[in-house]
Amino acid sequence: MAAKSKNVWSTDIVLVDIINFSKLTSNQQFEIIDYITKSYSKMIEKMLTSSNMTLSRLVLGFISTGDGFYCILNPKLKGYGAILGLSFNHFSEHISKKYPYFEGIKIAVHTGEVHEFRDILGNKNYIGDGLNDCARYLEFKNYTISTVMVSESAYENLIKFINIYKDFHALLLQREFKHSAMHSFHDKHGGEKKGCLIWLRETGIINPPNLKFNSMI
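The working numbering applies: residue 44 is where the sequence shown begins, and numbers increase by one.
Structure below.
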């Protein structure tokens, strides 16, 4: 089961982080955050329309980090997180054409636990080791622009996903999906992390599958 209890979920987490965001001026930071927020919102809206889905069927929620955001997927789409990360990465190329000072984004994907709670305003929010661990994958020193860093668990779930949904497997092959060897490194707290870089030679946006939501992956 994807849910361990009513408010604890094991799912894919996608973290988008703007490179050297703190070095930008306040105006530049606002321009980039505003443009990225609007652009990704439109992208997700189009993806949902193409897949005939509601937002809640794609994601549990988003969390702003100040210099980026977490996207927490619906647990029933576990395995799609790496593909969504590749779609986010594709769109960043358009941002760099509009803003010359934009250096790009780093994207990490991890499968882990999140705890849902209500914040002081009564809105849904999330905490948990899954979010913290996802951020650690951005510490990988050999990260390359135009790739996505995926944890070992996220990669394993990607493989399970494309074995279930053969059309996605075929589409990734068509787009020339590539991955590095599995790397092992230590984060700033000394914890060992394992993951690999993935990318598409033919980039693009890949819509989510419209699942039967009475079943779990």
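Yeah, the Cβ is synthetic: ideal placement off N, Cα and C, and Gly gets one too. On a predicted model such as this, the values are computed, not experimentally measured, just so you know.
Which one of 55, 98, 68, 112 has the shortest CA to CA distance from residue 79?
112
Please classify residue 172 as buried or exposed, where buried requires at least 16 neighbouring CB atoms within 10 angstroms.
exposed
If you drop the 5 nearest sequence neighbours on each side, which residues of the same chain put their C-beta closer than 8 angstroms to that of residue 141?
78
If you follow the beta strand (DSSP E) that residue 151 is in, where does it begin and where does it stop?
148-161 is the span of the beta strand (DSSP E), which, as asked, contains residue 151.
So, for residue 217: in the same chain, excluding its five sequence neighbours on each side, which residues have a beta-carbon less than 8 angstroms away from its beta-carbon?
245
Check whether the stretch 51-58 touches the stretch 147-155, taking contact to mean three or more Cβ pairs, one atom from each stretch, closer than 8 angstroms.
Flag = yes, the stretch 51-58 and the stretch 147-155 touch.
Do residue 124 and residue 57 have their beta-carbon atoms positioned less than 8 angstroms apart in this structure?
yes
Residue range of the alpha helix (DSSP H) that residue 238 falls in?
Run containing residue 238: none in the alpha helix (DSSP H); it sits in the beta strand (DSSP E), 235-243.
Ordered along the chain, which non-local residues of its own chain (more than five positions away) have a Cβ less than 8 angstroms from that of residue 234?
179
Around the C-beta of residue 65, are 16 or more other C-beta atoms found within 10 angstroms, so that it is buried, or is it exposed?
exposed
From the beta carbon of residue 108, is the nearest beta carbon of chain C less than 8 angstroms away?
The chain inventory of the structure shown lacks chain C, comprising one protein chain alone.
Given a cut-off of 8 angstroms on the beta-carbon distance, is the pair residue 122 and residue 201 in contact?
Contact: yes.
What whole-angstrom Cβ distance do residue 186 and residue 252 have, given they're in contact under 8 angstroms?
The pair is not a contact, with the Cβ atoms about 29 angstroms apart (cut-off 8 angstroms).
Is residue 90 closer than 8 angstroms to residue 150 when the C-beta atoms are compared?
No, the pair does not count as a contact, with Cβ atoms beyond the cut-off.
What would DSSP say about residue 247, mapped onto helix, strand or coil?
DSSP places residue 247 outside both helix and strand once states are collapsed to three, so it counts as coil.
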